[in-house]
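Asks: First, the structure itself, so that you have it in front of you.
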Amino acid sequence: MLHERAVIDPRSGRPTNANLAEYHVPVNADVPSLEAILVEEHDPHVNALGIKGVGEIGIIGSAGAVANAVWHATGIRVRNFPITLDRLIASE
Numbered sequence: 406m407l408h409e410r411a412v413i414d415p416r417s418g419r420p421t422n423a424n425l426a427e428y429h430v431p432v433n434a435d436v437p438s439l440e441a442i443l444v445e446e447h448d449p450h451v452n453a454l455g456i457k458g459v460g461e462i463g464i465i466g467s468a469g470a471v472a473n474a475v476w477h478a479t480g481i482r483v484r485n486f487p488i489t490l491d492r493l494i495a496s497e
């Protein structure tokens, strides 16, 4: 995920960061300390091992964030996933 921000030159009115070279891309060192907490529960109906994953809960907003970043970068709002080049061109 990009930590993006449009910076506008007040003299020209043009973006000063018009490419990805000036964007900050987070890495593992940017993530604070994490702790895994396990809840003991046996549910044989979930799958053969009786285990559940909660990874999807943490990334539920990622698709919307990417779509919003595409909109900010291109000015085109795409509302169907996956966002592909042909959908961007068709939306112009």
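Remember, our numbering sits 405 above the position in the sequence shown when you count from 1. Cβ coordinates follow ideal geometry from the N, Cα and C atoms, glycine included.
1. Could you check whether Ala472 and Ile488 sit closer than 8 Å to each other, using their CB atoms as the reference points?
2. Measuring CB to CB, does Thr479 end up less than 8 Å from Leu490?
3. Can you give me the start and stop residues for the alpha helix (DSSP H) that Gly469 sits inside?
4. For the alpha helix (DSSP H) containing Ala423, list its first residue and its last residue.
5. Are the C-beta of Ala441 and some C-beta of chain B separated by less than 8 Å?
Replies: Working from what's here:
1. Mapped onto the sequence shown, residue 488 falls at position 83. Mapped onto the sequence shown, residue 472 falls at position 67. Result yes, Cβ atoms of Ile488 and Ala472 sit closer than 8 Å.
2. Along the sequence shown, one-based indexing puts residue 479 at 74. Along the sequence shown, one-based indexing puts residue 490 at 85. Not a contact, by the Cβ cut-off of 8 Å.
3. Translated into the one-based positions of the sequence shown, residue 469 becomes position 64. Ser467 to Thr479 is the extent of the alpha helix (DSSP H) around Gly469.
4. Within the sequence shown, the letter at position 18 stands for residue 423. First-last for Ala423: undefined, no H or E at that position.
5. Going by chain labels, chain B is absent from the structure shown, which holds only one protein chain.
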